[in-house]
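Chains as they are written, first to last, in our numbering: chain X, 1 to 23; chain H, 24 to 370. For every residue, glycine included, the Cβ atom is placed at its ideal position computed from N, Cα and C.
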């Protein structure tokens, strides 16, 4: 898998999505 | 015969990873076995793995008798509603969870031994039109249920006494949730698959729906079994019980798909096929290994990281295999036939 296929990857995706998602 | 039909590529090292027979149990009172599983059980200061067998009206607990026998300790009789499945509760001790119902699950019950009353008993955890239920680590149970108006997703923290300590609601997606899988190594993350062929991610602590990611239309009705987070990607093991065989790819048994949760984009990582000419039923995944009963009555095992069929168990002495489940704690594979015969194999 590369970033070109999947877009920018973040190691902290869970924390970031939790901060952005509606409560 | 089935093994002879397999091409060498599918079984290129069966000696290394074949299934070794360990022990057998047979329940003569079982008219039609519906599920089999294992449970950790602590008694007299000792914790051991026990086998659980289920028929439509009874669930039995079996203790190991060295060197290779099993003795039935107790049978819970559940005559009012048929037992549909045993719901494994990873890392949980002295609790057996079962789903009961007709066409779909209508009740979830816990079966246990009460030291207070010195008796075996069962207790009701949830009722409703339940579409999916899965046991999570730390004595948690997650389920989806629906009414005419809405879908309810709920995590129940189970108590040793068979009740619930706490309940948390998860935000439902618009589509019906068909299966759940916890994300290995991330206690608060949960994934699910939907009837619209999407993978969804929740935060179990807050109940937030974090992301919905469409899988594509190639393999409809995907069911998630396990998920792993690594290097910023979410790897989900999916099976496709209703996928049709195609000439170019064969019949998919399991696929591993990598999702980027940040963008929602995905790519297939590994593809495990059914042996040629075989059809399969719903399978079971433990660690990096998948297993499924084929309609021929054999059990096939796949190495999900290598994408190949690594072992094949032909129909047993009691006839066709109807059930297969991975035992807890890496103890091996349980294969069961409808007449109540269960065999444990080391993998």
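CB contact flag (residue i, residue j, <8 Å)
i: residue 55/H; j: residue 78/H; result: yes
i: residue 250/H; j: residue 206/H; result: yes
i: residue 22/X; j: residue 231/H; result: yes
i: residue 212/H; j: residue 198/H; result: no
i: residue 357/H; j: residue 370/H; result: no
i: residue 61/H; j: residue 351/H; result: yes
i: residue 161/H; j: residue 114/H; result: yes
i: residue 132/H; j: residue 148/H; result: yes
i: residue 314/H; j: residue 306/H; result: yes
i: residue 359/H; j: residue 367/H; result: no
i: residue 365/H; j: residue 74/H; result: yes
i: residue 94/H; j: residue 80/H; result: no
i: residue 112/H; j: residue 178/H; result: no
Proximity to residue i [Cα-Cα], best of the options
i: residue 67/H; options: 117/H, 207/H, 369/H; result: 117/H
i: residue 97/H; options: 135/H, 109/H, 128/H; result: 135/H
i: residue 353/H; options: 312/H, 333/H, 339/H; result: 312/H
i: residue 292/H; options: 327/H, 338/H, 317/H; result: 327/H
Three-way DSSP call (helix, strand, coil) for residue i in this model
i: residue 177/H; result: strand
i: residue 19/X; result: helix
i: residue 363/H; result: coil
i: residue 253/H; result: strand
i: residue 13/X; result: helix
i: residue 5/X; result: helix
i: residue 351/H; result: helix
i: residue 133/H; result: strand
i: residue 306/H; result: strand
i: residue 36/H; result: With a pLDDT of only 42 at residue 36/H, under 50, the local geometry of the prediction cannot be trusted, and no value is derived from it.
For residue j and residue i, believed in contact at Cβ under 8 Å, the rounded distance
i: residue 261/H; j: residue 247/H; result: 6 Å
i: residue 278/H; j: residue 294/H; result: 5 Å
i: residue 235/H; j: residue 196/H; result: 6 Å
Short CB-CB distance (under 8 Å) between residue i and chain X
i: residue 209/H; result: yes
i: residue 290/H; result: yes
i: residue 255/H; result: yes
i: residue 212/H; result: yes
i: residue 36/H; result: Unreliable positioning characterises residue 36/H in this predicted model, as indicated by a pLDDT of 42, which lies under 50. The coordinate reading is nonetheless provided below. Chain X, which has no Cβ nearer than 8 Å to the Cβ of residue 36/H, makes this no.
i: residue 232/H; result: yes
i: residue 285/H; result: yes
i: residue 229/H; result: yes
i: residue 226/H; result: yes
Beta carbon proximity, residue i to chain H, threshold 8 Å
i: residue 13/X; result: yes
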